[in-house]
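Okay, structure first, notes after.
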Amino acid sequence: MAHVGIGTSYRAAHPGDPVFTNFIPLSSILERAATLGLSPNAGKLNESELALKPDILNLAPTRRHLFEIKPTSLQSAGRAEARMYAGLLATAGVPVTLGPMGEPGTNGAIPAPGGVYLFETPEAGVIVYQYRRQRVVPFPAPEREPAVERRWRLAPLTPQQQAVIVTTTAAGVMLIIMMILLAPVGV
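So in my numbering, the last spot in the sequence shown is 217, and the numbers never skip.
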């Protein structure tokens, strides 16, 4: 169930991209890759390899990202599978990279029976999830006010502030005059 929800989350974050999730075998992916301008060679893979199904594969020309989805405790297995799929696809003439951390649709929470699945991408190509017995309560983010150009204006000084400025200026001028008059000449 987590795989389906996470795959759906990724697909929703990438509308219009050719995204293959969970249930589509490499044989079908390679057939579709040919219609996307790639030159796959399915003959380089055997039947068992062609039957494998990567969890998330985005074949958009600007991405070509692959992700494997695993429970948090199986992160290393996810890493190994992601690398295996990337190698198989490269062998078949469809080079892909392991999907980057933080890509839209690879972090979040999805509903689960009696709780939620929290998922994230701790390393390239691997999405891990964990089940939590809790409900996610949507929290509406406050709308930001449109940026307004700041205009500064000087407020008029109060009589007290004017007196402080006059006194400070007069004292400073007197100190400068005294320093000039009392400075030794010709030394």
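For glycine and all other residues, C-beta sits at the position ideal for the given N, C-alpha and C.
- Take Ile-99, set aside five residues on each side of it, and the residues of its chain with a beta-carbon closer than 6 Å to its own are His-33, Ile-36, Asp-85, Ile-157, in chain order.
- When the beta-carbon positions are compared, Tyr-40 and Thr-127 stay at least 8 Å from each other.
- DSSP places Glu-153 in the uninterrupted beta strand (DSSP E) bounded by 145-153.
- If you draw a straight line from the Cα of Leu-60 to the Cα of Asn-52, it is about 15 Å long.
- For Ile-59, the enclosing alpha helix (DSSP H) starts and ends at 56-65.
- If you check the CB distance, Met-131 and Thr-102 do not come in under 8 Å.
- The Cβ atoms of Pro-48 and Leu-89 lie closer than 8 Å to each other.
- DSSP lists no bridge partner for His-33.
- When DSSP states are grouped into helix, strand and coil, Glu-133 belongs to the coil group.
- When only Cα atoms are considered, Gly-73 and Phe-97 end up about 24 Å apart.
- Secondary structure at Glu-173: coil, using DSSP grouped into helix, strand and coil.
- Per DSSP, the unbroken beta strand (DSSP E) holding Arg-162 starts and ends at 156-162.
- For Leu-75, the closest alpha carbon among the candidates Tyr-115, Ala-110, Thr-92, Leu-66 is that of Tyr-115.
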